[in-house]
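> Numbering (full-length UniProt numbering), first residue to last: 1 to 447. Following this message is one structure expressed as structure tokens.
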């Protein structure tokens, strides 16, 4: 049996592919561009929120921080909070606080079950050691350490010269934490390894210094705003000299953090809004653009920002730059603080000039940023309409989602039409094939 030589399915498929190619390309490009715009709007929103949060983190306390310089860091660690008063201090560390520590030989205890009980008292809290429950130095150590009545001591065993000694150490330093070990009728002698002592610090260089005494080597309730952690005593005639002042380095870090976040925002806005717009084949909200010119440039052919032409984002960049040139209530400007705007709209910091401004203007520098209607307030207000829950960027994201769904619906409808076209072409080619066979069969009667 002969035939026309036509493959109906193959021919129908070729016609459909040729018919659908232009629309496939159009819808693919449109969807890719809408998805790119959606991702860009989300990225811009995230960057704006990050920038807003960075301003919120630079609170008043960041500008009120006090810094400390000390003459000998081996003597003490000293930190200051915002309540510390600026000034110079002189300290003579005469004595460090230390814990009470005693050692007892194994020979002082009777582990036969007939030994005398004894007590350990620290600061008025007492525990009783019942020797009839203890059979060795190890058990004595564990009895003390594991007891719920332990008054604040640590027991350990030290082995030396063939002897095992029980060493008791108070958990806390200071005279008030001295251990009192009492065994009536048969006192324990023991050996004092370390006496309970308070820290003693003389403040001032005069003949009548202020004497500071503390059970702890951490002095945190002595001088307002200062925490002093003592590490060593001071050598004779070498007092510890301390200067408390505004923490310029900390303030500089906070200002630099703000500048870095601002510059990242400017970079992001520039990345997405620079250049000329790529035609997407019609207005975003036009549902009837299916048959418009589909000669749409492919993504990547032109290096342009996917949000190029967005008026709100272009206006935002300009508005933010305008706010940077505003004055504080004290007539300070960014330039006075060592901050300048370069030709690309990004900020730079002159640290020396900022430090000089802190010396000259003090709290007015803080006010420039954080006061009501200060720079941070003005920038936040500029961004508010964009990043609110029902703001511009959310609306644009919703619009892009709608556009993507609309394109997907069109693709689905297009697929249905192309399937119908395929079935129509297939039926036509099958009919041609059938007619060809009939003609071939009829022609055989003439031979």
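For glycine and all other residues, C-beta sits at the position ideal for the given N, C-alpha and C.
Using beta-carbon positions only, say whether residue 250 and residue 65 come within less than 7 Å of one another.
Less than 7 Å separates the beta-carbon of residue 250 from that of residue 65.
> On the premise that residue 80 lies in contact with residue 225, defined as a C-beta separation below 8 Å, what is that separation, rounded to the nearest angstrom?
5 Å
> Whose C-beta lies closer than 7 Å to the C-beta of residue 453 among residues of the same chain, with five residues either side of it excluded?
Only positions 1 to 447 of the chain appear in the structure, and residue 453 is not among them; the question remains open.
> Using only CA atoms, which one of 160, 228, 129, 144 lies nearest to residue 184?
129
> Run the CB neighbour count on residue 10, radius 10 Å, all protein chains shown included, and call it buried at 16 or more, exposed below.
exposed
> I'd like the ranges of any beta strand (DSSP E) spanning at least 3 consecutive residues and lying wholly in the segment 176-236.
179-182, 191-194, 199-203, 210-214, 226-230
> Would you call residue 435 buried or exposed, if buried means 16 or more other Cβ atoms sit within 10 Å of its Cβ?
exposed
> With DSSP as the reference, label residue 16 as helix, strand or coil.
It is helical.
> Taking residue 200 as the reference, which of 231, 157, 158, 160 has the closest Cα?
231
> Below 8 Å on the Cβ atoms is my contact criterion, and I expect residue 453 with residue 245 to pass it. Report the Cβ-Cβ distance as a whole number of Å.
The shown model of the chain, from 1 to 447, leaves out residue 453, and the question about it has no answer.
> Whose CA, out of 26, 47, 29, lies closest to the CA of residue 258?
Closest by alpha carbon: 47.
> On a CA-only basis, which of 109, 117, 229, 150 is nearest residue 123? Give me that one, please.
150
> In its own chain, which residues sit with a C-beta less than 6 Å from the C-beta of residue 99, not counting the 5 before and 5 after it?
169, 170, 173
> So which of 418, 181, 82, 416 has the shortest CA-CA distance to residue 363?
Checking every option, the nearest Cα to that of residue 363 belongs to 82.
> What are the boundary residues of the alpha helix (DSSP H) that includes residue 68?
First-last for residue 68: 66-70, but that is the beta strand (DSSP E), not the alpha helix (DSSP H).
> For residue 206, is the classification buried or exposed, using 16 other Cβ atoms within 10 angstroms of its Cβ as the cut-off for buried?
exposed
> DSSP on residue 123, reduced to helix/strand/coil?
coil
> In the DSSP assignment, find the beta strand (DSSP E) that holds residue 103 and state where it starts and stops.
Residue 103: member of the beta strand (DSSP E) spanning 101-105, first to last residue.
> Quick one, are the C-beta atoms of residue 247 and residue 67 less than 7 Å apart?
yes
> Could you give the distance in angstroms between the alpha-carbon of residue 338 and the alpha-carbon of residue 26?
Roughly 52 Å between the two C-alpha positions.
> Please go through the same chain and pick out, in chain order, the residues whose beta-carbon is closer than 8 Å to the beta-carbon of residue 126, but skip the five residues on each side of it.
The residues are 119, 120, 149, 151.
> Just tell me which of 222, 218, 217 has its CA closest to the CA of residue 210.
222
> Quick one: what's residue 246 bridged to in DSSP?
66
> Leaving out five residues on either side along the sequence, give the residues of the same chain with a beta carbon under 6 Å from the beta carbon of residue 181.
Here the set comprises 120, 188.
> Spatial neighbours of residue 327 within its chain, please: C-beta separation below 8 Å, excluding the five flanking residues on both sides.
When the five nearest sequence neighbours on each side are left out, the beta carbons in the same chain lying within less than 8 Å of the beta carbon of residue 327 are those of 333, in order along the chain.
> For residue 138, which of 7, 106, 161, 115 has the nearest alpha-carbon?
106
> Starting from residue 385 and walking both ways along the beta strand (DSSP E), at which residues does that stretch end?
Where residue 385 is concerned, there is no enclosing beta strand (DSSP E), although the alpha helix (DSSP H) it sits in stretches over 375-387.
> If we call anything under 7 Å between Cβ atoms a contact, is residue 266 one with residue 319?
no
> State yes or no: is the C-beta of residue 228 within less than 7 Å of the C-beta of residue 76?
yes
> Which residue from 145, 427, 194 puts its Cα closest to that of residue 15?
Between residue 15 and the set 145, 427, 194, the nearest pair of CA atoms involves 427.
> Around the C-beta of residue 348, are 16 or more other C-beta atoms found within 10 angstroms, so that it is buried, or is it exposed?
exposed
> Rounded to whole angstroms, what is the Cα-Cα separation between residue 153 and residue 97?
The straight-line gap from Cα to Cα measures roughly 16 Å.
> Would you mind reading off the limits of the beta strand (DSSP E) that contains residue 80?
76-80
> Find the nearest neighbour of residue 198 within the set 253, 95, 156, 234, judged by alpha-carbon distance.
Among 253, 95, 156, 234, the Cα nearest to that of residue 198 is on 95.
> Where does residue 62 land, buried or exposed, given buried means 16+ other C-beta within 10 angstroms?
buried
> If I follow the unbroken alpha helix (DSSP H) through residue 304, where does it start and stop?
Note, residue 304: premise wrong, no alpha helix (DSSP H); not H, not E.
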